[in-house]
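Below is one structure, written out as structure tokens; the observations come after it.
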Amino acid sequence: MKIILTGANRGLGIHLVKTALERGHTVLAGVRTIQEDSPINLLKKQYPDKVYTYFLDVTNEESVATAAKLAAEDVGSIDGIINNAGVLTERGKIIEELDFENVKFTMDVNVLGPMRVMKHFLPLLYKGKKKTIINISSEAGSIHNAYGGDFPYGISKAALNMFSVQLSRYVKEKDIAVHAVHPGWIKTDMGGENATGYPEESANGILDILEGKIEAKSELGFIDFKGQEMKI
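Residue numbers (the UniProt record's numbering): 1 to 232.
Printed below as a string of structure tokens:
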């Protein structure tokens with residue numbers, strides 16, 4: 001499979017890249033910075049014919065459009081999209097303390113970002129073979145399990161879940177699967193050291209879903225990385 005992945009240079013993203021490459025896939029890695037010693041470049045040296053890197057800032061539509069144009073020239077079509085780029089701002093703040101510039105930034109990255117990616121990469125996905133879209137969501141976006149904190153993050157992931165349902169209905173006739181996936185609470189920069197899960201396990205589960213090895217059963221497409229239904 002040829003997979004476009006945003007937020008590919010750190011956290012869950014780099015583990016998804018590594019896992020995909022180990023499984024023989026081609027990865028189109030969207031990153032905001034490309035440095036010689038960055039994790040994605042090290043993998044590119046290890047898999048020179050399987051990794052393409054593009055400057056892709058999901059808050060900058062021009063960069064997304066340019067990346068899509070370059071991807072079309074490089075590979076012609078894609079089979080999977082993983083919208084992984086995300087931020088968690090204002091962690092632990094009560095609503096009376098929120099900095100709304102950070103709130104707006106969170107919505108820009110976590111909601112509008114995937115929308116920009118879909119706007120420009122869907123034409124390439126239409127040309128693919130085994131077509132799947134995965135939006136990396138979170139249990140924090142479950143209205144059923146809502147808690148009184150992490151306001152920007154929870155609201156943004158709830159909105160992403162809604163977008164995933166809308167997108168699923170939009171591409172229904174084109175044989176494209178759409179899933180909003182909760183990767184678990186994992187030990188990354190975002191998840192922190194107290195997290196109970198590991199990104200390697202989540203990456204394997206997400207790739208199993210992408211490949212169709214796990215049959216995800218959810219009417220609204222909100223699942224965990226093992227394919228189990230989550231409550232919207």
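Don't be surprised by glycine CBs; every beta carbon is placed ideally from N, CA and C.
- Spatial neighbours of L28 within its chain, please: CB distance less than 6 Å, with the 5 preceding and 5 following residues excluded, ordered by chain position. I4, Y52 and A71
- Task: Along the beta strand (DSSP E) that carries Y54, what are the first and last residues, could you check?
- Result: Counting along the chain, the beta strand (DSSP E) containing Y54 begins and ends at V51 to F55.
- Task: Look up D208 in the DSSP assignment and say whether it is helix, strand or coil.
- Result: Note: D208 maps to helix in three-state DSSP.
- Check whether the Cβ atoms of F225 and I232 sit closer than 7 Å, and answer yes or no. no
- Task: Kindly indicate which residue of A159, I155 and I176 has the alpha-carbon position closest to the one of L125.
- Result: I176
- the stretch 61-71 / the stretch 82-91 touching (three or more Cβ pairs under 8 Å): No, the stretch 61-71 is not in contact with the stretch 82-91.
- Bounding residues of the alpha helix (DSSP H) (the contiguous stretch that carries I94): Element bounds for I94: n/a, residue is neither H nor E.
- Message: Within 10 Å of its beta-carbon, does A68 have 16 or more other beta-carbons around it, so buried, or fewer, so exposed?
- Response: buried
- From E101, E229, E211 and I209, pick the residue whose C-alpha is nearest to that of S218; which is it? E229
- Item | Per DSSP, cross-strand counterpart(s) of L28 | I4 and Y52
- Task: Give the DSSP bridge partners of H179, in chain order.
- Result: I134
- Message: Taking only three categories from DSSP, how would you classify D186?
- Response: A small fix is needed here, since residue 186 is Ile in this sequence, not Asp. Three-state result, I186: strand.
- Message: Rounded to the nearest angstrom, what separates A203 and I155 at their Cα positions?
- Response: 24 Å
- Minimum length 4: unbroken alpha helix (DSSP H) runs contained in the stretch 100-161: The stretch 100-161 contains these whole alpha helix (DSSP H) runs: 100-107 and 113-126.
- Task: Tell me, to the nearest whole angstrom, how far the beta carbon of I95 is from that of F151; I am working on the premise that it is less than 8 Å.
- Result: Between F151 and I95 the Cβ distance is about 6 Å, and since that is below 8 Å, they are a contact.
- Could you give the DSSP three-state label for D224: helix, strand or coil? strand
- Task: List the DSSP bridge partners of G197.
- Result: I186
- Neighbourhood of F55 by C-beta distance below 6 Å, restricted to the same chain and skipping five residues each side: S63
- Query: Okay, do the stretch 115-123 and the stretch 38-51 touch, 3+ Cβ pairs below 8 Å being the bar?
  - Reply: At 8 Å Cβ cutoff, the stretches do not touch.
- Query: According to DSSP, is I81 helix, strand or coil?
  - Reply: Reduced to three states, the DSSP call for I81 is strand.
- Would DSSP call K62 helix, strand or coil? Residue identity check: residue 62 is Glu in the sequence provided, not Lys. Helix.
- Assign D57 to buried or exposed, taking buried as 16 or more other Cβ atoms, counted over all protein chains shown, within 10 Å of its Cβ. buried
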